[in-house]
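Residue 709, in our numbering, is where the sequence shown stops; the numbers in between run on with no holes.
Ideal Cβ placement from N, Cα and C applies to all residues, glycine included.
Keep in mind it's a predicted model, so treat the numbers as computed, not measured.
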Amino acid sequence: MRVLRLVLLCEFLFAGGQALADTCTLVTEFETGRVLKQEGNCKRRLNPASTFKVPLSLMGYDAGIFTGEDEPAWPYKPEYKTWNEAWKKTTTPRTWLKDSVLWYSLVLTGHLGQERFKRYVDAFDYGNHDVSGDKGKNNGLTRSWLSASSLQISPLEQIDFLSKLLKRELPVSARAQDMTLTIMPAFPLPDGWTAYGKTGTGFQPTRDGAFDRNRQFGWFVGWAQKGERKILFVRLIRDEKKEKGVASFRARDGLLADLPAILEP
445 MRVLRLVLLC EFLFAGGQAL ADTCTLVTEF ETGRVLKQEG NCKRRLNPAS TFKVPLSLMG
505 YDAGIFTGED EPAWPYKPEY KTWNEAWKKT TTPRTWLKDS VLWYSLVLTG HLGQERFKRY
565 VDAFDYGNHD VSGDKGKNNG LTRSWLSASS LQISPLEQID FLSKLLKREL PVSARAQDMT
625 LTIMPAFPLP DGWTAYGKTG TGFQPTRDGA FDRNRQFGWF VGWAQKGERK ILFVRLIRDE
685 KKEKGVASFR ARDGLLADLP AILEP
């Protein structure tokens, strides 16, 4: 009977190909920190992927590299060698966040340089602070936040970072924080709520330090507000097998569908 119970438990945990223990949903009140919903493992760190565009935006505006919602407008160049046809166009800070354009991030970090980039990550107390990049490759400016690389953050730490941003407590200019909030993608919700958030997708690491293209992870991090009330949210999906669709889009769409019930008075 004990073996049977264990088998049934495993079947339940992996139902739909996704381990519930490796999926986190965390929703908290902004003002009080009161937890409205917490499920799964929210302490385990993983690469931030494109959610790192939020701190990158703060760096860009604070350093004066970004000057407006739509400036700089950097044109795509063939040497960027993007795989995504939708990214082969002139991009601005607003469209960079909306379309999650990787090459724009790399141009930005190139302007920042490794030393200044590292100083910002340390000042933000962001995750494990490790922007060294892939082991032995000295590519922290272009890879550290991506799949199976050095920079990692937990869902709980994502919430803490977002809370500091909304409270304007991060060690960058007020304008850098205001502009970053302004260009965040918006998602209308029922009953007068609006969500603002950033997705991030990657592949989970293997034991040898590479990444498994059959096992995605997907983030959706941000906040929602209605009038004076704000809540913070994170959903992180870790696929246990190859799944259809982009993991971060599944995280985003699932959480947006769940939020109205969570936010009921």
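Does any C-beta atom of chain B lie closer than 9 Å to the C-beta of residue i?
{"i": "N582", "result": "The chain labelled as chain B is not found in the depicted structure, where only one protein chain is given."}
Taking the alpha helix (DSSP H) that residue i belongs to, which residues open and close that run?
{"i": "V705", "result": "It is Ala, not Val, that sits at residue 705 in the sequence shown. Note, A705: alpha helix (DSSP H), 691-706."}
{"i": "F605", "result": "599-610"}
{"i": "A567", "result": "558-567"}
{"i": "T495", "result": "Taken as a continuous stretch (DSSP letters only), T495 belongs to no alpha helix (DSSP H), as it is neither H nor E."}
{"i": "L585", "result": "584-587"}
Would the beta-carbon of residue i fall within 9 Å of that of residue j?
{"i": "S591", "j": "Q669", "result": "no"}
{"i": "Q596", "j": "G571", "result": "yes"}
{"i": "S549", "j": "G577", "result": "no"}
{"i": "T626", "j": "E513", "result": "yes"}
{"i": "G641", "j": "G671", "result": "no"}
{"i": "T535", "j": "R682", "result": "no"}
{"i": "T469", "j": "D702", "result": "yes"}
{"i": "L614", "j": "A567", "result": "yes"}
{"i": "P715", "j": "P629", "result": "With the chain running from 445 to 709 in the structure shown, residue 715 is simply not present."}
{"i": "F474", "j": "K674", "result": "yes"}
{"i": "L546", "j": "W531", "result": "yes"}
{"i": "T511", "j": "L676", "result": "no"}
{"i": "R679", "j": "E601", "result": "no"}
{"i": "W637", "j": "L707", "result": "yes"}
At which residues does the beta strand (DSSP E) containing residue i begin and terminate?
{"i": "Q482", "result": "479-483"}
{"i": "E471", "result": "In the sequence as presented, Glu is not what sits at residue 471; that position holds Val. Looking at the DSSP string, the run of the beta strand (DSSP E) that includes V471 is 468-473."}
{"i": "V678", "result": "673-682"}
Residue i: buried (16+ other C-beta within 10 angstroms of its C-beta) or exposed?
{"i": "A639", "result": "buried"}
{"i": "D622", "result": "exposed"}
{"i": "A465", "result": "For A465, the predicted model reports a pLDDT of 34, less than 50, meaning its position is unreliable; a value from the coordinates is still stated below. A465 should be labelled exposed."}
{"i": "N491", "result": "buried"}
{"i": "E695", "result": "Going by the sequence as given, residue 695 is Ala instead of Glu. Its Cβ being crowded by 16 or more others within 10 Å, A695 is buried."}
{"i": "P599", "result": "buried"}
{"i": "E529", "result": "exposed"}
{"i": "G484", "result": "buried"}
{"i": "T645", "result": "buried"}
{"i": "R619", "result": "exposed"}
{"i": "A691", "result": "buried"}
{"i": "K497", "result": "buried"}
{"i": "P499", "result": "buried"}
{"i": "V479", "result": "exposed"}
{"i": "T624", "result": "buried"}
Just to confirm, does residue i get its C-beta within under 8 Å of one of the non-hydrogen atoms of the ligand FAD?
{"i": "M623", "result": "The ligand FAD is not among the ligands present in this structure, which contains no ligands whatsoever."}
Output the residue ranges of the alpha helix (DSSP H) runs that lie fully inside the segment 617-668 and measure 4 residues or longer, sorted by chain position.
The DSSP assignment places 618-626 as complete runs of the alpha helix (DSSP H) inside the segment 617-668, in order along the chain (cut-off: 4 residues).
Take every Cβ of the segment 521-534, pair it with every Cβ of the segment 608-615, and state whether three or more of those distances are shorter than 8 Å.
no
Completely contained alpha helix (DSSP H) runs for the segment 501-552, where each covers 4 or more residues
537-543, all fully within the segment 501-552.
Decide if the segment 652-670 is in contact with the segment 482-502; the criterion is three or more beta carbon pairs, one per stretch, under 8 Å apart.
Contact between the segment 652-670 and the segment 482-502 is present, because at least three Cβ pairs lie under 8 Å.
Assess, as a yes-or-no matter, whether the segment 554-564 is touched by the segment 535-542 under the definition of 3 or more beta carbon pairs within less than 8 Å.
no
How about the segment 578-585 and the segment 495-505: do they share at least three Cβ pairs that are nearer than 8 Å?
Taking 8 Å as the limit for Cβ pairs, the verdict is that the segment 495-505 does not touch the segment 578-585.
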